[in-house]
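Heads up: the protein sequence lines correspond to chains A and B, in order. Taken in order, the first sequence gives residues 256 to 642; the numbers are from this note's numbering. Taken in order, the second sequence gives residues 3 to 208; the numbers are from this note's numbering.
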Amino acid sequence: MSEYIHHDKDRVSVGVVEKKYFTFAEPPGEMVLESGAHLGPVTLAYETYGTLAPDRRNAVLILHALSGDSHVAGYYSTEDEKPGWWDCMVGPGKGIDTEKFFVVCANIIGSCMGSTGPSSVNPATGRVYGLDFPVVTIGDMVTAQRALVDHLGIDRLLGVVGGSIGGMQVLEWCVRYPEMVVSAIPLATSMRHSALSIAFNEVARQSIMADPNWNHGNYYGGAKPALGLAVARMIGHITYLSDESMRLKFGRRLQDKSDFSFNFDADFQVESYLRYQGRKFVDRFDANSFLYITKAADYFDLGKQHGSGSAVKALSKARARFLVISFTSDWLYPTYQAKEIVKALKKNGRDVSFCEIEAEWGHDAFLIPGERLPMLIRGFLERVHHA
Amino acid sequence: MLEQNHLMRYDLQIIASWIEPGSKVIDLGCGEGDLLQHLIVLKGVQGTGIELNEEKVARCIEKGLSVLQGDISDEVHDYPEGSFDYVILSQTLQQVYKPDNLIRAMLRIGQKGIVSFPNFSHWQIRLQLFFTGYAPVSRQLPYQWFDTPNIRVITLKDFRKFVHGVGLTVLREAAIDTHTQDRYGSIVRFLPNLRATYGIFMIGES
């Protein structure tokens, strides 16, 4: 997702921020996961921006997607080249205004950006977990976030905001801890993966697991399954874009050449782009984390988990006001899936706003700087803040 | 905020005057949310809206209104029975494909429906057709036959007949003389079917 972030120090920013860590669930008080497995201690990497109001009623929790992290906005140092992944949305005067709100974002468990995941050392054995790391769910991610929110002394979240897998966590928050969530903004997301989404994830996972370096998840200290992870990321990138965005961005243009090479080098710009994105991803992301998080997303089924198969019943638990957003060209989580959320909320008489934003950039549209989304989020948060 | 009252279209002012303070309201085809905002600010209603146009939906949400994007004929169905005190359909009926289904759905999700539409039996429209022989084009219905979103022509008498035909009752009505974006107008009491540019009806179960 970081491909949309550009070095631009002149822009308004939340400034220099710091990644912090919170550790809980020390044995014997381990977290009991949805699978029944125990996990502890658990560390969450998190960042906060803005100031928690004396009445503690201005906290906004941001939930990141597959490859995101706690670094939503700002820079780690004055020399830092790139701001956080949603710097266009979060900062002073922005859609989520850090002058008004206390913004919190934690890296999800199972990830590799500072929170406990398969690449962490298992304190019980002194070795990296690898595939000994238990399978975690969206529910487990949210339970861990709850522990952090409690630790920060927040008992009421003015807003819970996230796109994609982050949007699944938003929905999970609303039914798991309904009394805590005042408003919810699920973006470009779904109450459960379609067969299409599961299929893409499975191909990506197979690509990782087919890499000989993967070695059943036991590659730490040796060569990484770089090729497998790069191909997995390439598949991901195709699903994040759209027919239209790829046509506009690449068309059939060739990369640094005027004719075909008549071999299997990257001829087309789109090939070159995907190879670059794949290579870049390998440097910052752990292949096992990719397996765990995509599995968590595939398992997610709000209706099944919380409503005996009924999304309407599941969302009957929610107390939040909702702003649901989809994007016209998102083929990973198409608008009909957002409308299912809206429909279930309406049937429950919940306060729900919904906008399908015209966008050519596919699923990733929510990450791309633009006017519409920040304005919608600002207006919505203002209303719930003053309600 | 109070200024909203003066800026609002005359027909919307009449509709607003019919709404009890503190009630629950849904505006079908709410546009940029002028009526909703007026009702929320001045009458303390709990209001929501449905609008098809993304730009208008965005304006509403930016203003802090609860509005969802979609086709009113589809979106009206998902609310639980009796969710609202008033279901408003202002100047949209003439564009609805299945008016009977929509009106029934309105009175399923709400206690009362408020419907307004341009009156096609206004004397100017009658004269235009009579003397020119062309399909009438008026300030209220300013489109040529080939590019109009208004797929139906309705008169005050037609609507009354329709309401009775589907087993409902007209609870209240106003015939007004105003123009589309006009903030001023007057109630027409004498020969309304001939002289009113718009009709506004509150309907309910018999």
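The beta-carbon is built from N, C-alpha and C at its ideal position, and this holds for glycine as well. Remember, it's a predicted structure, so these values are computed and weren't measured experimentally.
For residue i, go through chain A and note every residue whose CB falls closer than 9 Å to its CB, in chain order.
i      : result
L70(B) : V579, V597, K601, V607, S608, F609 and C610
E34(B) : Ordered by position in chain A, no residue passes the 9 Å Cβ test against E34(B), which lies about 13 Å from the chain.
S85(B) : K601 and G604
Taking just the CA atoms, how far does residue j sit from residue i?
i       : j       : result
M435(A) : N152(B) : 47 Å
L426(A) : I393(A) : 10 Å
K598(A) : K65(B)  : 23 Å
I21(B)  : L44(B)  : 11 Å
A642(A) : D395(A) : 31 Å
R633(A) : G472(A) : 43 Å
A573(A) : H124(B) : 50 Å
N377(A) : F540(A) : 19 Å
K274(A) : E302(A) : 5 Å
L316(A) : K479(A) : 33 Å
P589(A) : F582(A) : 7 Å
I52(B)  : Q71(B)  : 6 Å
K594(A) : R110(B) : 21 Å
Q6(B)   : V117(B) : The pLDDT assigned to Q6(B) is 45, lower than 50, so where the model puts this residue is not dependable; a value taken from the coordinates is nonetheless given after this. For Q6(B) and V117(B), the distance between alpha carbons rounds to 21 Å.
A487(A) : T549(A) : 11 Å
I421(A) : N362(A) : Correcting the residue identity first, residue 421(A) is Gly in this sequence and not Ile. Using only the alpha carbons, I get a separation of about 11 Å.
V168(B) : F122(B) : 21 Å
T150(B) : V98(B)  : 13 Å
R627(A) : A620(A) : 11 Å
G617(A) : S497(A) : 5 Å
P283(A) : P373(A) : 20 Å
V390(A) : A552(A) : 11 Å
Y331(A) : F277(A) : 18 Å
R266(A) : F517(A) : 45 Å
L636(A) : C343(A) : 16 Å
L570(A) : G564(A) : 11 Å
F212(B) : F148(B) : Here chain B has residues from 3 to 208 only, and residue 212(B) is not among them.
S438(A) : Y81(B)  : 20 Å
L509(A) : F515(A) : 8 Å
I202(B) : I178(B) : 8 Å
V430(A) : S513(A) : 56 Å
Y547(A) : T333(A) : 34 Å
L587(A) : R460(A) : 17 Å
R605(A) : R576(A) : 7 Å
G562(A) : D556(A) : 10 Å
S322(A) : M368(A) : 9 Å
K601(A) : V607(A) : 7 Å
Could you please give me the residues that DSSP links to residue i through a beta bridge?
i       : result
G115(B) : V89(B) and I205(B)
P433(A) : Paired residues: none, contrary to the question.
A107(B) : Its beta-bridge partners do not exist; DSSP assigns none.
G418(A) : L442(A)
N543(A) : Bridge partners of N543(A): none, in fact.
K26(B)  : Q48(B)
Y200(B) : P120(B) and I178(B)
E53(B)  : Q71(B)
A314(A) : F357(A)
L509(A) : F523(A)
E611(A) : S581(A)
M464(A) : According to DSSP, which records beta bridges pairwise, M464(A) is partnered with nothing at all.
Kindly give me the distance between the Cβ atoms of residue i and residue j, rounded to whole angstroms, as I take these residues to be in contact under 8 Å.
i       : j       : result
M489(A) : L442(A) : Rounded, the Cβ-Cβ distance is 24 Å, inconsistent with contact.
R185(B) : R61(B)  : With a Cβ gap of about 19 Å, R185(B) and R61(B) do not count as contacting.
L30(B)  : V78(B)  : 6 Å
Q424(A) : G417(A) : 6 Å
D36(B)  : T180(B) : Actually they are not in contact, since the Cβ atoms of D36(B) and T180(B) sit about 15 Å apart, beyond 8 Å.
M613(A) : S500(A) : Reading off the sequence shown, one finds Glu at residue 613(A), where the question assumed Met. Actually they do not touch by this definition, with Cβ atoms about 13 Å apart.
I440(A) : G414(A) : 6 Å
L412(A) : A542(A) : In fact, because the Cβ distance is near 33 Å, the residues do not count as touching under 8 Å.
Give the residues of chain B in contact with residue i, contact being defined as C-beta atoms less than 7 Å apart.
i       : result
R638(A) : G66
E427(A) : By Cβ distance, chain B contributes nothing, its closest Cβ being about 22 Å from E427(A), past 7 Å.
R627(A) : A60
G634(A) : I63, E64, K65 and G66
Residue i touches chain A at which residues, Cβ-Cβ below 7 Å?
i      : result
P82(B) : K602 and G604
V59(B) : C610
Give the interface partners of residue i over in chain A, defined as CB-CB distance under 8 Å, in chain order.
i      : result
E56(B) : C610, E611, I612 and E613
What does residue i reach in chain B if we use C-beta pairs closer than 8 Å?
i       : result
L631(A) : A60, I63 and E64
Using 7 Å as the limit for Cβ to Cβ distance, is residue i near chain E?
i       : result
G135(B) : Among the protein chains of the structure shown, namely A and B, there is no chain E.
Is it a yes or a no for the region 22–39 of chain B touching the region 379–389 of chain A, going by three-plus beta-carbon pairs under 8 Å? Between the region 22–39 of chain B and the region 379–389 of chain A there are fewer than three C-beta pairs closer than 8 Å, too few to call the two in contact.
Can at least three beta-carbon pairs, one atom from the region 44–62 of chain B and one from the region 135–150 of chain B, be found at a separation below 8 Å? They do not touch, by the three-pair rule.
Quick test of the definition: if touching needs 3 or more C-beta pairs under 8 Å, does the region 519–539 of chain A touch the region 445–458 of chain A? Taking one beta carbon from each stretch, the region 519–539 of chain A and the region 445–458 of chain A have fewer than 3 pairs nearer than 8 Å; the two do not touch.
Segment contact, 8 Å Cβ cut-off, at least three pairs: the region 291–308 of chain A with the region 348–355 of chain A: Touching, yes, given that three or more Cβ pairs across the two stretches are closer than 8 Å.
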